[in-house]
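Quick note on numbering: the sequence shown equals residues 1 to 374 in UniProt numbering.
Okay, structure first, notes after.
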Amino acid sequence: MPGRWPGRGARCPFASHTMQNTFTSCALRILATFTLTLSTLSVSQAQVGSALVLYGAVDLSLTHVSNTNAAGQDTTSIASGSFLPSVWGIRGQEDLGGGLQAFFKLENSFNVDTGAVTTNASFFNRFALLGLRTPYGTVTAGRLGSMQFDFTAMGYDLTMLDTYGIVALGALPPALFKINNAIKYESPTWGGWRGSLMTSSGQELPEASGAGRYSGAAIEYAQGDFKARATHEVTRGNLTGTLDQSGLTDKRTSVAARWNIDALSLFADYVSVQGDLRITPRGHVWQGGVGYRIAPRWQLIGEFGVYRYSDSNGRPALAHLIAQYDLSKRTLLYGFWTKVNNHGGSQVGAAFATSTSKPGQSQSALGLGVSHRF
Numbered sequence: 001m002p003g004r005w006p007g008r009g010a011r012c013p014f015a016s017h018t019m020q021n022t023f024t025s026c027a028l029r030i031l032a033t034f035t036l037t038l039s040t041l042s043v044s045q046a047q048v049g050s051a052l053v054l055y056g057a058v059d060l061s062l063t064h065v066s067n068t069n070a071a072g073q074d075t076t077s078i079a080s081g082s083f084l085p086s087v088w089g090i091r092g093q094e095d096l097g098g099g100l101q102a103f104f105k106l107e108n109s110f111n112v113d114t115g116a117v118t119t120n121a122s123f124f125n126r127f128a129l130l131g132l133r134t135p136y137g138t139v140t141a142g143r144l145g146s147m148q149f150d151f152t153a154m155g156y157d158l159t160m161l162d163t164y165g166i167v168a169l170g171a172l173p174p175a176l177f178k179i180n181n182a183i184k185y186e187s188p189t190w191g192g193w194r195g196s197l198m199t200s201s202g203q204e205l206p207e208a209s210g211a212g213r214y215s216g217a218a219i220e221y222a223q224g225d226f227k228a229r230a231t232h233e234v235t236r237g238n239l240t241g242t243l244d245q246s247g248l249t250d251k252r253t254s255v256a257a258r259w260n261i262d263a264l265s266l267f268a269d270y271v272s273v274q275g276d277l278r279i280t281p282r283g284h285v286w287q288g289g290v291g292y293r294i295a296p297r298w299q300l301i302g303e304f305g306v307y308r309y310s311d312s313n314g315r316p317a318l319a320h321l322i323a324q325y326d327l328s329k330r331t332l333l334y335g336f337w338t339k340v341n342n343h344g345g346s347q348v349g350a351a352f353a354t355s356t357s358k359p360g361q362s363q364s365a366l367g368l369g370v371s372h373r374f
């Protein structure tokens with residue numbers, strides 16, 4: 001019924017009778033009212049040893065992409081999230097004493113160019129988690145980043161998996177960015193070593209108990225400006241309508257390293273993609289990058305990657321250059337160029353989670369944008 005929360009009898013106080021997406025519209029409208037209360041909440045929370053924070057990022061660019069249809073025509077557009085996703089979130093924590101700390105995080109992504117949320121499937125589509133830190137490690141549950149996401153985007157990939165970077169090749173596909181119904185353990189650091197284990201109960205369907213299940217592990221060694229890590233993940237297929245892929249698996253093993261040498265940063269990553277689920281084709285991905293801070297506010301980053309398919313002649317190759325200028329600690333200007341050559345009939349697009357209109361079609365992208373964090 002228009003203007004009502006799904007499954008509730010009470011009317012959303014800000015809703016109109018013509019809303020087509022009641023949940024999302026109500027949530028976005030009450031966000032403004034909720035934000036006004038955050039300062040008061042933060043003060044009261046601080047009095048009991050906890051904190052509540054509203055944070056986010058807004059990213060907008062002018063982008064030109066070639067070969068955006070089968071006829072080979074180009075598209076110029078105002079685009080949201082061409083560098084990093086536009087997001088807002090709420091996080092909080094509370095010190096419980098005895099070395100214990102409870103925390104949570106709720107994060108949504110949206111499109112600045114239209115004002116719409118990026119998906120209606122889940123409102124907090126980026127993260128939704130609750131956790132407990134202890135002297136013996138951290139346990140987190142909810143919608144979490146996968147092993148490869150946590151150990152690539154955070155501290156390894158030089159662009160934090162920017163939209164037009166090497167993430168477009170598919171070594172880490174959208175289906176494996178975030179995992180639902182998951183629980184994760186992260187160990188403390190001992191002598192430079194730390195590890196992490198994660199599992200998910202998947203779709204939690206009685207008729208297909210294995211559907212969507214995920215398991216992953218990671219180990220990392222860090223010493224000074226050098227660090228290296230290895231991850232392994234196994235994902236089972238979903239049950240969708242009459243299509244049951246719960247007996248199929250996707251297996252990914254990745255080894256990566258990063259070395260920061262003064263103004264120079266080096267990154268290299270190898271990913272083996274195996275299994276019969278084929279979220280992306282079976283094969284091997286080699287990718288890496290070089291970053292150089294030419295001045296306190298200027299940084300140049302170059303990335304290159306190749307994905308060799310095992311079951312076909314497909315061999316997409318991607319090159320990516322990005323220049324960043326820091327206007328402040330929270331705002332940067334960026335310009336980028338990306339080129340994808342789809343050898344052997346592959347169809348990888350220049351942007352993350354996109355594909356070309358026909359096999360073997362190459363694609364390039366140019367963009368100039370601004371990104372602001374709050």
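Glycine included, C-beta positions come from ideal geometry on N, C-alpha and C.
Where DSSP assigns a beta bridge to residue 145, which residues make up the other side?
As a position in the sequence shown, residue 145 is number 145, starting the count at 1. According to DSSP, residue 145 bridges with 178.
Please list the terminal residues of the continuous beta strand (DSSP E) segment that includes residue 294.
In the sequence shown, the residue the question calls residue 294 occupies position 294. 283-295 is the span of the beta strand (DSSP E), which, as asked, contains residue 294.
For the beta strand (DSSP E) containing residue 341, list its first residue and its last residue.
For this step, residue 341 is matched to residue 341 along the sequence shown. That run of the beta strand (DSSP E) goes 331-343.
Relative to the C-alpha of residue 181, which candidate in 150, 141, 218 has its C-alpha closest?
Taking the first residue of the sequence shown as position 1, residue 181 is located at position 181. Ranking 150, 141, 218 by Cα distance to residue 181 puts 141 first.
Candidates 248, 287, 268, of which the one nearest residue 278 by Cα:
For the purposes of this step, residue 278 is taken as residue 278 along the sequence shown, with counting starting at 1. Considering only alpha carbons, the answer is 248.
Using 8 Å as the threshold, is the stretch 310-317 in touch with the stretch 342-351, meaning 3 or more CB pairs across them?
yes
Residues in the same chain with beta-carbon distance under 6 Å from residue 161, minus the five sequence neighbours each way, listed in chain order, please.
Sequence index remark: in the sequence shown, residue 161 carries index 161 (1-based). 153, 167, listed in sequence order.
Using a 10 Å radius around the Cβ and a threshold of 16 neighbouring Cβ atoms, would you call residue 204 buried or exposed?
Along the sequence shown, one-based indexing puts residue 204 at 204. Exposed is the call here.
Assuming residue 217 contacts residue 196 (C-beta within less than 8 Å), just tell me the rounded distance between them.
In the sequence shown, the residue the question calls residue 217 occupies position 217. In the sequence shown, the residue the question calls residue 196 occupies position 196. About 7 Å separates the two Cβ atoms, so the contact holds.
So the beta strand (DSSP E) residue 193 belongs to, where does it begin and stop?
Here residue 193 is taken as the residue at index 193 of the sequence shown, counted from 1. It spans 193-200 - the beta strand (DSSP E) in which residue 193 sits, taken as one unbroken run.
Give the straight-line distance between the Cα atoms of residue 67 and residue 117, rounded to the nearest whole angstrom.
Translated into positions along the sequence shown, residue 67 becomes position 67. Translated into positions along the sequence shown, residue 117 becomes position 117. Cα-Cα distance, rounded: 27 Å.
Cβ of residue 315 versus every heavy atom of the ligand ZN: is any distance shorter than 7 Å?
Summarising the ligand content, the structure contains no ligands, and the ligand ZN is consequently not present.
Per-residue DSSP class, three states only, for residue 53
As a working mapping, residue 53 is identified with position 53 in the sequence shown. The answer is strand: DSSP assigns residue 53 an E or B state.
Drop a sphere of 10 angstroms on the beta-carbon of residue 280, count the other beta-carbons inside from all chains shown, and report buried for 16 or more, exposed for fewer.
Locating residue 280 in the sequence shown gives position 280, counting from the first residue. Burial call: buried.
Would you kindly work out how many angstroms separate the C-alpha atoms of residue 185 and residue 348, rounded to a whole number?
Residue 185 sits at position 185 when you count from the first residue of the sequence shown. Residue 348 sits at position 348 when you count from the first residue of the sequence shown. Answer to the nearest angstrom: the Cα atoms are 34 Å apart.
Where residue 200 and residue 362 are concerned, what is the direct C-alpha to C-alpha distance, given to the nearest angstrom?
By one-based count along the sequence shown, residue 200 stands at place 200. By one-based count along the sequence shown, residue 362 stands at place 362. When rounded, the distance between both Cα atoms is 37 Å.
Hey, could you find the ends of the beta strand (DSSP E) residue 172 is sitting in?
As a position in the sequence shown, residue 172 is number 172, starting the count at 1. First-last for residue 172: undefined, no H or E at that position.
Rounding to the nearest angstrom, what Cα-Cα distance links residue 174 and residue 144 in this structure?
The residue given as residue 174 occupies position 174 in the sequence shown. The residue given as residue 144 occupies position 144 in the sequence shown. Distance between the alpha carbons of residue 174 and residue 144 is about 13 Å.
Secondary structure, beta strand (DSSP E): runs of 3+ residues fully inside the stretch 71-117:
75-80, 87-97, 100-109
CB-CB under 8 Å to residue 110, same chain, minus the five flanking residues each way: which ones, in chain order?
As a first step, residue 110 must be located in the sequence shown, where it is residue number 110. The residues are 80, 86, 87, 88, 116, 117, 118.
Classify residue 150 as helix, strand or coil using the three-state DSSP reduction.
The residue you call residue 150 lines up with position 150 of the sequence shown. DSSP places residue 150 in helix when its eight states are reduced to three.
Using the DSSP secondary-structure output, state which residues sit across from residue 358 in a beta bridge.
Here residue 358 refers to the residue found at position 358 when the sequence shown is read from its first residue. BP columns for residue 358 are empty, so no partner.
What whole-angstrom Cβ distance do residue 322 and residue 159 have, given they're in contact under 8 Å?
Along the sequence shown, read from residue 1 onward, the residue named residue 322 stands at position 322. Along the sequence shown, read from residue 1 onward, the residue named residue 159 stands at position 159. About 6 Å separates the two Cβ atoms, so the contact holds.
Count the other C-beta atoms from every protein chain shown that fall within 10 angstroms of the C-beta of residue 73, then say buried if there are 16 or more, exposed otherwise.
If you number the sequence shown from 1, residue 73 lands on position 73. Residue 73 should be labelled exposed.
Start and end residues, beta strand (DSSP E) containing residue 275:
As a position in the sequence shown, residue 275 is number 275, starting the count at 1. Note, residue 275: beta strand (DSSP E), 264-275.
Please go through the same chain and pick out, in chain order, the residues whose beta-carbon is closer than 6 Å to the beta-carbon of residue 336, but skip the five residues on each side of it.
What you label residue 336 is simply residue 336 of the sequence shown in a count that begins at 1. 164, 322, 367.
DSSP state of residue 166 mapped onto helix, strand, coil:
Walking along the sequence shown from the start, residue 166 turns up at place 166. Three-state result, residue 166: helix.
For residue 236, which of helix, strand or coil comes out of DSSP?
Mapped onto the sequence shown, residue 236 falls at position 236. Strand, per DSSP.
Are residue 177 and residue 146 touching if we call contact CB-CB under 8 Å?
Sequence index remark: in the sequence shown, residue 177 carries index 177 (1-based). Sequence index remark: in the sequence shown, residue 146 carries index 146 (1-based). It is a contact, given that the beta carbons lie within the stated cut-off.
Grab me the residues of residue 350's own chain with a C-beta within less than 7 Å of its C-beta, minus the 5 sequence neighbours each way, in chain order.
The residue labelled residue 350 in the question sits at position 350 within the sequence shown. Once the five neighbours on either side are set aside, the close Cβ partners of residue 350 are 65, 164, 168, 338, 340, 363, 364, 365.
At the level of alpha carbons, what is the spacing between residue 237 and residue 211?
For the purposes of this step, residue 237 is identified with residue 237 of the sequence shown, where counting begins at 1. For the purposes of this step, residue 211 is identified with residue 211 of the sequence shown, where counting begins at 1. Using only the alpha carbons, I get a separation of about 6 Å.
On the DSSP letters alone, give me the boundaries of the beta strand (DSSP E) that residue 253 sits inside.
Residue mapping note: residue 253 aligns to position 253 of the sequence shown, counting from 1. Here the beta strand (DSSP E) through residue 253 covers 249-261.
Report the three-state DSSP secondary structure of residue 374 (helix, strand or coil).
Taking the first residue of the sequence shown as 1, we reach residue 374 at position 374. It is coil, neither helix nor strand.
Going by the DSSP bridge assignment, what does residue 131 pair with across the sheet?
To locate residue 131, count along the sequence shown from 1; it is residue 131. DSSP output for residue 131 lists 103, 140 as bridge partner(s).
What residue does the beta strand (DSSP E) around residue 306 start on, and which one ends it?
Taking the first residue of the sequence shown as 1, we reach residue 306 at position 306. Counting along the chain, the beta strand (DSSP E) containing residue 306 begins and ends at 298-309.
Could you work out which residue in 287, 70, 113, 232 is closest to residue 63 when comparing CA atoms only?
Here residue 63 refers to the residue found at position 63 when the sequence shown is read from its first residue. Out of 287, 70, 113, 232, 113 has the C-alpha closest to the C-alpha of residue 63.
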